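Encoded as structure tokens, the structure appears first; notes follow it.
Residue numbers (our numbering), protein chains in the order written: chain X, 1362 to 1704; chain D, 46 to 426.
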């Protein structure tokens, strides 16, 4: 009897401890991250330009840089981060179960995703659109000519739903071939199993330029069949964490607007401009309002660079992808990149 | 004393397992309540799917509901598993018999086959064969064509394309003729069997059965004005269109699962054959049976009693392994429900529960049927 009683006590104790650990996730994500000592970003495992392993075996890319900037803002150390590679299918599960703190992984913001998944979309950081890649030898230039084609898609992505809409709207037929593994999907397209590969334009360009044996034999049609606003995502119900993720990006954009770069940020420390002083924390403690150190923006710019630097290094002129800024130019240059002011 | 100790261990084990189940369940409920404001509900099954499916036995478009997409997946799973289990059994029996051949080369080939395919993970086999062999078939523009003008069959790296009939207006009448023919054939076969049992000279029952079916089918086709309209596949634009298609992914998955399962079945068959007493073989030979007939009439009917129980497990394993199709884009039940639907709706608990229940049901039904068969062929004396 006493043995049973002891077992029962142990059980109850273990249960309590485990239940507490479940509830611990209800507390602030920032507190959780600070206690852990590093941030965990749900990101790509291999997506040239956005998040992939470089020659030294470190993750690098546009998405990775947002993770590094966030780590710099919270800890003053861009290396205080961990990349949790996830497939497009896994990412929301990893976020919902608390295995990662934020999704920095080219995630399209849509109404149904916003309401169905346990996810809060923070800020659009890249304006993309879905494109169609075909072999140049087919001599195709419009979507109408693709009637009856076989199309390689990624299962469970918005691109799969958009292609269904685009073809239905024009009364065209096609055969989808959804392939879970991304590299397998590309290989299948290159072998001619599909006539068309469809996904975000940036990805079509980035993969073709870095991984195709003969990139000039393939072309992206001049048709953009959908809006793909790529956004950062956090869990529902933590407003402070949402603010932090939003303002990390806003600060990086504002820094580009004010011409603050990783090279000249130190010169701006004694700037007279009150906006710059508020940003860099030399006047008013805006970091404190977010629960961050007062020099959070300085650390991000110093260690990672502003939005434009991140773009150039990973996607733009300074990278093999050589993507034009296009809609991702600052609003002052006729683009869509616009951030609320530091006030 | 020791009895008391045992019961205490048992009861504390009981307590532990109950408590851990309770914990896992309450953990899930708490997690769902705190992390996801959407309560568990299966209403999403009636929502519009939004995606198209290439591989489908029934009509499906993106405006159909999600539960119909699940049905499409289930039918695709059955398509591979039913054909696959039948083919694997045939191939496995063949290899198993080869393995016991007295010919050194034949027996060693079977030995190599079994040991190679049994010792490579099926996923690896699948990706290898799909990538290195199936995808390397000619592209549609250069497809291989057989029997061109009469009955064109195209082979390309998109699949196998062959002529197929689509029902016309007279099809509904023709269907009844086919049913009547089938009933007649069953009736005649039954009577012939009865007769054979009575006289001790069994007529060729299955031959008669086939002849009657064939005659009725042909007669009906001649009498009625074309119940089926035959369409032939032809290269049109990008794809081969018309007729019916069995996709490359279907062949890839079928092929790999068959060669994989056949390696296990071959070993089971070998064990079954070895379990038949040597005297049986010697007696048959003394009576002047040919070695083919010894195998067909004496050894295999007795070996099957040993073979069937492991075969049940392999058949169930085969059905579950069809979920590997995900890797090469074969849209089976798991790929559609756990891939497309789960990602588009975000309803992890609901879809995964459905997947678990469906696979459990399939396996239980399969084992029920095969167990019934097993009971029928068991020694009954």
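Cβ atoms here follow ideal geometry from the backbone N, Cα and C, with glycine treated the same way.
Since we're looking at a predicted model, the values are computed, not measured.
- Leaving aside the five residues that flank residue 158 of chain D on each side, the residues in its chain whose CB is nearer than 7 Å to its CB run, in chain order, 140 and 308.
- Within the same chain, 1463, 1481, 1483, 1602, 1603 and 1606 come within 7 Å of residue 1595 of chain X by CB-CB distance, once the 5 residues on both sides are set aside.
- A Cβ of chain X is located within less than 8 Å of the beta carbon of residue 384 of chain D.
- For residue 1492 of chain X, there are no C-beta contacts with chain D under 7 Å, since the nearest C-beta of that chain is about 18 Å from it.
- Residue pairing by DSSP places residue 281 of chain D opposite D/284 in a beta bridge.
- Secondary structure within the region 1605-1683 of chain X: the alpha helix (DSSP H) runs of 4 or more consecutive residues, fully enclosed, are 1635-1641, 1647-1651, 1657-1664 and 1668-1675 (chain order).
- In terms of Cβ geometry, residue 1589 of chain X and residue 1491 of chain X form a close pair [threshold 8 Å].
- Taking CB atoms only, residue 245 of chain D has no neighbour in chain X less than 8 Å away.
- The DSSP-derived three-state label of residue 321 of chain D is coil.
- The beta carbons of residue 1514 of chain X and residue 1506 of chain X sit no closer together than 8 Å.
- DSSP lists no bridge partner for residue 96 of chain D.
- In the pairwise beta carbon analysis, the region 284-301 of chain D is classified as touching the region 96-114 of chain D: at least three pairs are separated by under 8 Å.
- The straight-line gap separating the alpha-carbon atoms of residue 1403 of chain X and residue 1684 of chain X is approximately 24 Å.
- For residue 1442 of chain X, the enclosing beta strand (DSSP E) starts and ends at 1442-1446.
- Beta-bridge pairing by DSSP links residue 1558 of chain X to X/1494 and X/1513.
- Under DSSP, residue 1481 of chain X takes part in a beta bridge, and its partners are X/1595.
- Judged by DSSP in its simplified three-state form, residue 1580 of chain X adopts strand.
- Residue state for residue 1464 of chain X is assigned as strand, using DSSP reduced to three classes.
- Residues of the region 270-302 of chain D with a C-beta less than 8 Å from any C-beta of chain X: 281, 282, 283, 284, 286, 293 and 294, listed in chain order.
- Taking 8 Å as the CB threshold, residue 390 of chain D lines the interface with chain X.
- Residue 376 of chain D has a beta carbon lying within less than 8 Å of a beta carbon in chain X.
- For residue 201 of chain D, the enclosing beta strand (DSSP E) begins and ends at 198-201.
- About 12 Å separates the CB atoms of residue 301 of chain D and residue 136 of chain D; that is not less than 8 Å, and the two are not in contact.
- Annotation: Cβ neighbours of residue 1453 of chain X in chain D (cutoff 9 Å, chain order): 388, 391 and 393.
- Apart from the 5 residues on each side of it in sequence, residue 199 of chain D sits with its Cβ closer than 6 Å to the Cβ of 188, 190, 206, 278 and 285 in its chain, given in chain order.
- Taking a Cβ-Cβ cut-off of 7 Å, the neighbours of residue 99 of chain D in chain X comprise 1536, 1537 and 1538, given in sequence order.
- For residue 1466 of chain X, no CB of chain D lies under 8 Å from its own CB, so it is not counted at the interface with that chain.
- In the structure shown, the three-state DSSP call for residue 1567 of chain X is helix.
- In terms of beta-carbon proximity, residue 164 of chain D stays away from the interface with chain X, with every pair separated by 8 Å or more.
- When X/1502, X/1612, X/1461 and X/1498 are compared, the shortest CA-CA separation from residue 1651 of chain X is found for X/1612.
- Rounded to the nearest whole angstrom, the C-alpha separation of residue 1648 of chain X and residue 1642 of chain X is 7 Å.
- 8 Å or more divides the Cβ of residue 1554 of chain X from the Cβ of residue 299 of chain D.
- Residue contact check for residue 1516 of chain X against chain D: a CB pair falls below 8 Å.
- With a 10 Å radius around the Cβ and a threshold of 16 neighbouring Cβ atoms, residue 353 of chain D comes out buried.
- Between the alpha carbons of residue 250 of chain D and residue 394 of chain D lies a distance of about 52 Å.
- The closest CA to that of residue 1429 of chain X, considering only X/1471, X/1660 and X/1654, is found on X/1660.
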